[in-house]
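K.L.:
Below is the structure I would like to discuss, written out as structure tokens.
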Amino acid sequence: EGPFARRGGRGRRAMFQVAAAFGGGIFLKQKLDSVQLPQLRRAVDTACNFTLSVRVLAASVPDLNAPGLVSHQRPFLEATLGKSRKETEFADFANRNAKEVGPYGEECPWRFGDTLTFKVR
Numbered sequence: 008e009g010p011f012a013r014r015g016g017r018g019r020r021a022m023f024q025v026a027a028a029f030g031g032g033i034f035l036k037q038k039l040d041s042v043q044l045p046q047l048r049r050a051v052d053t054a055c056n057f058t059l060s061v062r063v064l065a066a067s068v069p070d071l072n073a074p075g076l077v078s079h080q081r082p083f084l085e086a087t088l089g090k091s092r093k094e095t096e097f098a099d100f101a102n103r104n105a106k107e108v109g110p111y112g113e114e115c116p117w118r119f120g121d122t123l124t125f126k127v128r
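Take a look at the structure:
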């Protein structure tokens with residue numbers, strides 16, 4: 008009497024389930040092995056230069072409230088790449104009641120419209 012020797016055919020069903028799971032695992036491994044993933048490499052030419060542009064759209068700053076009559080704090084973004092440092096202009100607060108706020112207006116009410124450009128070597 009082994010672990011699959013039970014009354015009512017439950018042992019055979021359990022053995023079939025084990026075999027099906029094992030076979031499914033082999034099939035899945037074969038399919039995943041055939042997937043072609045992109046390969047990224049660093050350029051060999053060290054004199055190769057390019058420009059990296061970062062578009063800054065919106066941000067969420069949980070501890071910064073909406074601007075009011077007395078306080079008018081506005082965030083800006085600073086990005087550094089190597090020795091180069093860039094800053095955005097001050098963000099504008101999108102009124103949550105306005106229709107033009109668009110998607111994610113509730114989550115990211117601070118709006119930018121800047122593109123930071125870096126020269127990379």
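Numbering (this note's numbering), first residue to last: 8 to 128.
By construction, the Cβ of each residue, glycine as well, lies at the ideal position given by its N, Cα and C atoms.
Everything numeric in this text was worked out from a predicted model, so none of it was measured.
What do you reckon, is the C-beta of Arg81 under 7 Å from a heavy atom of the ligand SAM?
P.N.:
No copy of the ligand SAM appears in this structure; indeed no ligand is present at all.
K.L.:
If we require 4 or more residues per run, which alpha helix (DSSP H) segments fall completely within the segment 55 to 101?
P.N.:
The segment 55 to 101 contains no whole alpha helix (DSSP H) run of 4 or more residues.
K.L.:
Leaving out the 5 sequence neighbours to the left and right, which residues in its chain are closer than 6 Å to Leu88 when beta-carbon positions are compared?
P.N.:
Taking the first residue of the sequence shown as position 1, residue 88 is located at position 81. Closer than 6 Å at the Cβ level, and outside the excluded window around Leu88, lie Phe125.
K.L.:
How long is the line joining the alpha carbons of Pro69 and Arg118, rounded to whole angstroms?
P.N.:
Here residue 69 refers to the residue found at position 62 of the sequence shown. Here residue 118 refers to the residue found at position 111 of the sequence shown. Distance between the alpha carbons of Pro69 and Arg118 is about 14 Å.
K.L.:
Is it true that the segment 59 to 68 meets the segment 78 to 92, where meeting means three or more beta-carbon pairs spaced less than 8 Å apart?
P.N.:
Contact holds: three or more Cβ-Cβ distances are below 8 Å.
K.L.:
Return the bridge partner residues of Asp121 from the DSSP annotation.
P.N.:
Along the sequence shown, read from residue 1 onward, the residue named residue 121 stands at position 114. Paired residues: Val63.
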